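All residue numbers for the sequence shown refer to the working numbering, where the first residue is 26 and numbers rise by one. Read through the structure below, which is laid out as structure tokens, and then see the notes.
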Amino acid sequence: MNQYNLGIIGAGMYGKVLRRCFLQDERANIVWVNSASEETTKSAAEEFGVAKRYRRRGGRLELIH
């Protein structure tokens, strides 16, 4: 069975709903998260158990270290 690496854009209520849906599918592997603020992104990454966090900069996603 194939596994799919997924990212979640938006870590608020909608992102949490998406996460719950993804967790029901054993093929889903959440690997990164992005939200409007760096603080919310960091909090969501910790809650979701993912290491990669991104922020939006100039129309692109940029990795936060």
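Cβ coordinates follow ideal geometry from the N, Cα and C atoms, glycine included. Keep in mind the model is a prediction, meaning the values are calculated, not measured.
Looking only at its chain, what residues have a beta carbon closer than 7 Å to the beta carbon of residue i, apart from the 5 residues adjacent to it on each side?
{"i": "leucine 43", "result": "Ile33"}
{"i": "glutamine 28", "result": "Arg52 and Asn54"}
{"i": "glutamate 63", "result": "Arg80 and Ile89"}
Let's see if you can read the secondary structure: which residues bound the alpha helix (DSSP H) around residue i?
{"i": "alanine 36", "result": "From DSSP, alanine 36 is part of no alpha helix (DSSP H); its letter is neither H nor E."}
Just to confirm the assignment, what range does the beta strand (DSSP E) spanning residue i have?
{"i": "alanine 69", "result": "Per DSSP, alanine 69 belongs to no beta strand (DSSP E); it is in the alpha helix (DSSP H), 63-73."}
{"i": "glutamate 16", "result": "No information on residue 16 is available, as it lies outside the stretch 26 to 90 that the chain covers here."}
Exposed or buried, residue i, counting other C-beta atoms within 10 Å across all chains shown (16 or more means buried)?
{"i": "serine 60", "result": "buried"}
{"i": "valine 58", "result": "buried"}
Any idea which residues DSSP pairs residue i with across the strands?
{"i": "valine 58", "result": "Ile33 and Arg78"}
{"i": "arginine 85", "result": "Arg82"}
Here's a check: name, in chain order, each residue in its chain whose Cβ is nearer than 8 Å to the Cβ of residue i, leaving out the five neighbours to either side.
{"i": "threonine 66", "result": "Ala36, Val58, Asn59, Ser60, Arg78, Tyr79, Arg80 and Ile89"}
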